[in-house]
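Enquirer: Sharing a structure here in structure tokens format.
Protein chains: 2
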Amino acid sequence: MGKLLRVNTREKTFGFEEVAETYAGLGGRALTSKMILDEVPATCHPLGKANKLIFAPGILAGSPAADSGRLSAGAKSPLTGGIKESNAGGLVSQKLARLGIAAIVLEDKPETDNYSIIVINNDGVEILPAGDLAGKGNYAVMESMWEKYGKNVGVLSIGQAGEQCLKGASINQADMNGRPGRAHGRGGLGAVMGAKKIKAIVVNDKGAPRVEIKDPDAFKAANKKWVDMLKNHPVTGQGLPALGTAVLVNVINEAGAFPTKNFRSGRFEHAQDISGEKIAECIEQRGGITTEPCHPGCVIKCSNVYHDKEGKYLTSGFEYETIWAFGAHATIKELDDIAMLDRLCDDFGLDTIETGVALGIAMEGGMIPWGDGKAAIDLLSKVGDYAPEGKIIGNGALFTGDALGVDRVPVVKKQAFPAYDPRSCKGVGVTYATTPMGADHTAGYGVTANILGVGGTIDSLKKEGNIELSQGLQVATAAIDAAGLCLFVAFAVLDNEDGLSTIVSMINARFGLSLTPDDVLELGKSILNNEKEFNRKAGFTDIDDQLPEMFQETFPPHNTTWDFTLEELSGTLKF
Amino acid sequence: MGKLLRVNTREKTFGFEEVAETYAGLGGRALTSKMILDEVPATCHPLGKANKLIFAPGILAGSPAADSGRLSAGAKSPLTGGIKESNAGGLVSQKLARLGIAAIVLEDKPETDNYSIIVINNDGVEILPAGDLAGKGNYAVMESMWEKYGKNVGVLSIGQAGEQCLKGASINQADMNGRPGRAHGRGGLGAVMGAKKIKAIVVNDKGAPRVEIKDPDAFKAANKKWVDMLKNHPVTGQGLPALGTAVLVNVINEAGAFPTKNFRSGRFEHAQDISGEKIAECIEQRGGITTEPCHPGCVIKCSNVYHDKEGKYLTSGFEYETIWAFGAHATIKELDDIAMLDRLCDDFGLDTIETGVALGIAMEGGMIPWGDGKAAIDLLSKVGDYAPEGKIIGNGALFTGDALGVDRVPVVKKQAFPAYDPRSCKGVGVTYATTPMGADHTAGYGVTANILGVGGTIDSLKKEGNIELSQGLQVATAAIDAAGLCLFVAFAVLDNEDGLSTIVSMINARFGLSLTPDDVLELGKSILNNEKEFNRKAGFTDIDDQLPEMFQETFPPHNTTWDFTLEELSGTLKF
Chain A
1 MGKLLRVNTR EKTFGFEEVA ETYAGLGGRA LTSKMILDEV PATCHPLGKA NKLIFAPGIL
61 AGSPAADSGR LSAGAKSPLT GGIKESNAGG LVSQKLARLG IAAIVLEDKP ETDNYSIIVI
121 NNDGVEILPA GDLAGKGNYA VMESMWEKYG KNVGVLSIGQ AGEQCLKGAS INQADMNGRP
181 GRAHGRGGLG AVMGAKKIKA IVVNDKGAPR VEIKDPDAFK AANKKWVDML KNHPVTGQGL
241 PALGTAVLVN VINEAGAFPT KNFRSGRFEH AQDISGEKIA ECIEQRGGIT TEPCHPGCVI
301 KCSNVYHDKE GKYLTSGFEY ETIWAFGAHA TIKELDDIAM LDRLCDDFGL DTIETGVALG
361 IAMEGGMIPW GDGKAAIDLL SKVGDYAPEG KIIGNGALFT GDALGVDRVP VVKKQAFPAY
421 DPRSCKGVGV TYATTPMGAD HTAGYGVTAN ILGVGGTIDS LKKEGNIELS QGLQVATAAI
481 DAAGLCLFVA FAVLDNEDGL STIVSMINAR FGLSLTPDDV LELGKSILNN EKEFNRKAGF
541 TDIDDQLPEM FQETFPPHNT TWDFTLEELS GTLKF
Chain R
1 MGKLLRVNTR EKTFGFEEVA ETYAGLGGRA LTSKMILDEV PATCHPLGKA NKLIFAPGIL
61 AGSPAADSGR LSAGAKSPLT GGIKESNAGG LVSQKLARLG IAAIVLEDKP ETDNYSIIVI
121 NNDGVEILPA GDLAGKGNYA VMESMWEKYG KNVGVLSIGQ AGEQCLKGAS INQADMNGRP
181 GRAHGRGGLG AVMGAKKIKA IVVNDKGAPR VEIKDPDAFK AANKKWVDML KNHPVTGQGL
241 PALGTAVLVN VINEAGAFPT KNFRSGRFEH AQDISGEKIA ECIEQRGGIT TEPCHPGCVI
301 KCSNVYHDKE GKYLTSGFEY ETIWAFGAHA TIKELDDIAM LDRLCDDFGL DTIETGVALG
361 IAMEGGMIPW GDGKAAIDLL SKVGDYAPEG KIIGNGALFT GDALGVDRVP VVKKQAFPAY
421 DPRSCKGVGV TYATTPMGAD HTAGYGVTAN ILGVGGTIDS LKKEGNIELS QGLQVATAAI
481 DAAGLCLFVA FAVLDNEDGL STIVSMINAR FGLSLTPDDV LELGKSILNN EKEFNRKAGF
541 TDIDDQLPEM FQETFPPHNT TWDFTLEELS GTLKF
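Protein chains in written order, with the working numbering: chain A, 1 to 575; chain R, 1 to 575.
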């Protein structure tokens, strides 16, 4: 492992330190969550000086292991008030690993309104005035950073949303084309970066050595097996590479789990118009890229580049959850409007799930008409104007609901639901309810066995087996997030009896260890325990694992309801 | 006791029912809190159909007992998410008692946007369309109701804030001049009434009999003693009747406990300009009423009527907490601007404490300049325009802070602090921290022994004795709120060894009971236990009894900090 880079954002000073014993061997989510538990007072204000914003590559980062380039960002969340880890692709993770940096830790906060940028390279660290970058969107920031510091530098930045400390604010990463298509989206971490007045972090690994592999032969063999596994699985080898994540639109809609018009039904009549198939058709006609990787070394390649009617670049990383949130949830059926909303979110630095759900709530509250894409674009644009309407929408679904007096708001722990209804995909519903993150599909993607037939089959409409499904997935996911692997590798791992052991072989070969799969699962449990403990200290109880009353409504087409009791759920994450 | 009047706001139906055994003998806060605990699911959405809004006169209501005309309003609070009781003067309480109504219970909610009014009189109940009252402010509503239903009818109504379901929304009561100068201010109960689409409730006791007194002679004797006690105490007999509650401005400022510029210091350099003495001077010059009662039968008479420079009516019920919130907290020194802000709050139906603190936070966040009364008036006016700025301010201090990214927000359980700094008035600080209501001075007014020398003396700057002080006051206050007595009677009760027994004598004579003072204190404890239990079921823990980080800052002029640990506080309300 490398060193910790601590930056005092008030003093504009930094220092490298050895990783303390208590953090040794931890990476990604394992490191961010442990550091937050140990170093951040659980009841502090998320925008105050006591909160810390931590970026940590996974333990496989920088190695040739396929799909190991996810970066974890962690802090006390301004959205949920609990602990948060949000990971993203992009270029930063692998570069930090090569620079020997186990984590960047942003501490304290300035008393002035001046923004800084942090430039990290092989020669050292600089903390510089952000100058005219302040007030700019992520597109302009990324372009400026690539121009100034070289193409292919890693960039983490915030747009106008993070500067305003909005609860929906993301931290965006330059994608492989230098655009802000990748995002640490969930939980408002961009607001923490904004409170600390850091506009951007640039990471340049020029001149840095490759990461050391203790047993290169063993690593190579394990990685080959790993790549084969990913390429041979129908989801990671075919579905996602063919159509990107939007392949799910028709699948989830067909399953009756595609939440439509603020979770009133599971089928959207215009699903076909916003499907992965439709996107591929547009890209064929207009140009763009149907699938591309979110970070070097990815073999799944589920990202994309989407052009407008004139054939000009419109947005990238145009994904299923985004399309659902602005589409079925807010009942917008024009794909180009949805793409523009995605672009605005990337530019302002906003989580597309939180923001899409918020726009649907704005429709529920009568602020704009249902399904009106142009009105949604106008309203979202107010975030860039620093206008009051933008401060409402940009603060997310619950805030928007509270502003407008709406009592049907799909949130757990104040975070908006993603694109699968918990009543007709109960495995992911258990995850929404129980993960310390707030409603989050990526914390335990029960869609696998519920709908995709991956890792077995568990009836999506019944309770039986879904607590166990979510539990197993949450433990495995925490470990995957600690390794820095993309969540989607889970598809192949679940359907392969050698899946987990192959990951463990890569870790062992990288560090000269002799871990077992059980050790890795224990790590997963310890991460969840740390996160639960932070939340407990922040005032959360089992009662916060409840879904809102609206999920007691009967949900067509399967006419199911959310019927887990808190008592049934209470053991999900007790280890 | 009377009957319960239950109104189904969706069906527009009503029914009278006998008071169930479990509620027998309870009035005011004792009844509202017990009913909410028993009938409202603790995790429901406060604006949803499962919440109930309950109005209950105290058990002495309608009797000749001095100062017994306070009405309790209760519900799950949209502001705090916990249980709420907020009581006010006005005309409704005594009229309900004479009509034999122990409580009005508003249930369910309509699915349409049409408002209704409820008219209650001796012949029965009508639920009528609100017609053109919808969208109007409380001044217009009250005027219209008095014109239509007769001068001196009791009126409960909401303004534009309640209609928008804002968390700062009050329910206002017609005062003795038919103006909305009285308010169930705290906790956003106006939003619950708005969600249930009830614009106003009119209560007319014409033709109703007097309330029965079981032992008239004993009652008369006890009440005479009671009146003498109130009239002979320096606070209730001299200070409050002379200058109204604003008499406290100079007193609390002198004590260094007058929170200034968002709780940065305990003395406001312009305190004299907004003092009770200054108000009395203005009233002498311009006309108005220096002191008048908030309900018939009050002998303290701490309310007032304030005119503008032209000698025309500007506002009434212009009180200490209001003057502090817009004044010292937001550093506005022009009394007429503060009076206009008070008037706007009464008209829109907004809690002046929550709204004043919110305006200070808007200044902290740079939305308007510090101390700019005109800018504050313009911003507050947006509530009446249903504009986005109004939805921010009208949702209170924490919401405004969250909208603007401000991390110095003085709230406990999401409710804004009143006008006494907890670092230099620690007895009231303990109350802010531990009352189930959220920061609320009226729940246990430790200012008594801390600053006013009433009920003994406890050092306001030290911890010693202040937990016990708050505990005793919280128990006594709960009982006073159940009786329907004005909180200010506590001054006389605390300094009189016959105080409590005199109240008990009136209750015994009214109902033919033989309660002891201990019974009444046990009632106080049971109310607090019910409220704590509701909050526990809603997800609150001891951690929610914490003051925000900002109170660890040293507070001039006494340079004290908030130094109670959660462990020390945890026993305050354990009985």
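Glycine residues also receive a C-beta, built at the ideal position from the N, C-alpha and C atoms.
Quantities reported herein were computed from a predicted structural model and do not represent experimental measurements.
1) List the whole-angstrom C-beta distance separating A61(R) from A97(R), where the pair is believed to meet the contact cut-off of C-beta under 8 Å.
2) List the residues of chain A that F417(R) touches, going by C-beta distances under 8 Å, in chain order.
3) Looking at the structure shown, is K501(R) part of a helix, part of a strand, or coil, going by DSSP?
4) Just the C-alpha distance for E170(R) and K12(A), rounded to the nearest angstrom, thanks.
5) Looking only at DSSP bridge pairs, what is Y306(A) linked to?
6) Which of helix, strand or coil does DSSP assign to N466(A)?
7) For the candidate residues G327(R), L79(R) and F348(R), whose alpha-carbon lies nearest to that of D372(R)?
8) Check whether chain B comes within 9 Å of F555(A), counting only Cβ atoms and requiring the distance to be less than that.
9) Could you list which residues in chain A have their beta carbon closer than 9 Å to that of Q546(R), in chain order?
10) Is the beta carbon of K34(R) sitting closer than 9 Å to the one on I507(R)?
11) If T431(R) and G446(R) are in contact, beta carbons under 8 Å, what's the gap, nearest whole angstrom?
12) Please list, in chain order, all residues of the same chain as K214(R) whose beta carbon is under 7 Å from its beta carbon, the five residues on each side excluded.
13) With 9 Å as the threshold, decide whether the Cβ of E389(A) is near any Cβ in chain R.
14) With a cut-off of 8 Å on the beta carbons, I'd call S63(R) and V211(R) a contact; round off their distance for me.
15) Give the interface partners of A195(R) over in chain A, defined as CB-CB distance under 9 Å, in chain order.
16) Would you call T502(A) buried or exposed, if buried means 16 or more other Cβ atoms sit within 10 Å of its Cβ?
17) Using a cut-off of 9 Å between C-beta atoms, extract the partners of A362(A) located in chain R.
18) With C-beta atoms as the reference, is D273(R) less than 9 Å away from L335(R)?
19) Could you list which residues in chain R have their beta carbon closer than 8 Å to that of A50(A), in chain order?
20) Could one say the Cβ of F399(A) lies closer than 9 Å to chain R's Cβ atoms, at least one of them?
21) Which residues in the same chain have their Cβ closer than 7 Å to the Cβ of D545(A), if we skip the five residues on either side of it in sequence?
22) Does the CB of K167(R) have a neighbour CB from chain A at under 9 Å?
23) Can you tell me whether A75(A) is buried or exposed, with buried defined as 16 or more other CB within 10 angstroms of its CB?
24) When Cβ atoms are compared, which residues of the stretch 190-218 of chain A fall closer than 9 Å to chain R?
25) Could you confirm whether any beta carbon from chain R is found closer than 9 Å to the beta carbon of I158(A)?
26) Mind listing the chain A neighbours of L47(R)? Cutoff is C-beta to C-beta under 7 Å, in chain order.
27) Quick check for students: name the residue ranges of the beta strand (DSSP E) that lie wholly in the stretch 131-184 of chain R, counting only runs of 3 or more.
28) Among residues of its own chain, excluding the 5 on either side of I279(A), which ones have a beta-carbon nearer than 6 Å to its beta-carbon?
29) For a contact defined as C-beta to C-beta under 7 Å, what are the partners of Q164(R) on chain A?
30) Identify the contact partners of D228(A) in chain R, using a Cβ-Cβ distance below 9 Å as the criterion.
31) Can you check the stretch 227-295 of chain A for any beta strand (DSSP E) of at least 3 residues that lies completely inside it and give the ranges in chain order?
32) CB-CB under 7 Å to L494(A), same chain, minus the five flanking residues each way: which ones, in chain order?
33) Quick one, which of A56(A), Y386(A) and V119(A) has its alpha-carbon nearest A103(A)'s?
34) From what residue to what residue does the alpha helix (DSSP H) around E364(R) run?
35) With 9 Å as the threshold, decide whether the Cβ of N395(R) is near any Cβ in chain A.
36) What alpha helix (DSSP H) runs, 4 residues minimum, are completely inside the stretch 484-545 of chain R?
Expert: Quick look at the numbers:
1) Between A61(R) and A97(R) the beta-carbon gap is near 4 Å, inside 8 Å, which marks them as a contact.
2) Simply none; closest approach about 15 Å.
3) For the sequence presented, residue 501(R) should be read as Ser rather than Lys. Correct three-state label for S501(R): helix.
4) For the record, residue 170(R) in the displayed sequence is Ser; it is not Glu. Straight-line Cα distance between these residues: approximately 46 Å.
5) In the DSSP output, where bridge partners are listed per residue, Y306(A) has G288(A) and T315(A).
6) Here DSSP, grouped into helix, strand and coil, assigns N466(A) to helix.
7) When each option's Cα is compared against that of D372(R), the closest is G327(R).
8) Absent from the structure is chain B; the protein chains it does hold are A and R.
9) Taking the beta carbon of Q546(R) as reference, the chain A residues within 9 Å of it are T43 and G539, listed in sequence order.
10) No.
11) With a Cβ gap of about 6 Å, T431(R) and G446(R) count as contacting.
12) Cβ within range, chain order: A509, R510, F511 and G512.
13) It does; some Cβ of chain R falls within 9 Å.
14) That pair is a contact at about 6 Å.
15) Contacts between A195(R) and chain A, judged by CB atoms closer than 9 Å, involve G405 and D407 in chain order.
16) Around the beta-carbon of T502(A), 16 or more other beta-carbon atoms lie within 10 Å, marking it buried.
17) Listed along the chain, the chain R residues whose CB falls inside 9 Å of the CB of A362(A) amount to none; the nearest CB is some 11 Å away.
18) Yes, Cβ-Cβ distance for D273(R) and L335(R) is below 9 Å.
19) For a Cβ distance threshold of 8 Å, residue set E549 of chain R lies close to A50(A), ordered along the chain.
20) So, interface residue.
21) Excluding positions up to five away in sequence, the list reads A433, T434, L566 and L569.
22) Chain A contact via Cβ: present.
23) A75(A) comes out buried.
24) Listed in sequence order: A191, G194 and A195.
25) Answer no: the Cβ-Cβ gap between I158(A) and chain R never drops below 9 Å.
26) Ordered by position in chain A, the residues that pass the 7 Å Cβ test against L47(R) are G405 and D407.
27) 154-157, 171-173 and 182-184, all fully within the stretch 131-184 of chain R.
28) Take I279(A), set aside five residues on each side of it, and the residues of its chain with a beta-carbon closer than 6 Å to its own are A246, in chain order.
29) By Cβ distance, chain A contributes G405.
30) For D228(A), there are no neighbours in chain R by C-beta distance under 9 Å, as the nearest C-beta there is about 48 Å away.
31) Here the runs fully enclosed are 288-292.
32) For L494(A), where only same-chain residues beyond five positions count, the Cβ hits under 7 Å are T448, V454 and G455.
33) Among A56(A), Y386(A) and V119(A), the Cα nearest to that of A103(A) belongs to A56(A).
34) Annotation: the continuous alpha helix (DSSP H) that includes E364(R) extends over T352 to E364.
35) Output row for N395(R): interface = yes.
36) If we require 4 residues or more, the alpha helix (DSSP H) runs fully inside the stretch 484-545 of chain R come out as 489-494, 499-511 and 517-537.
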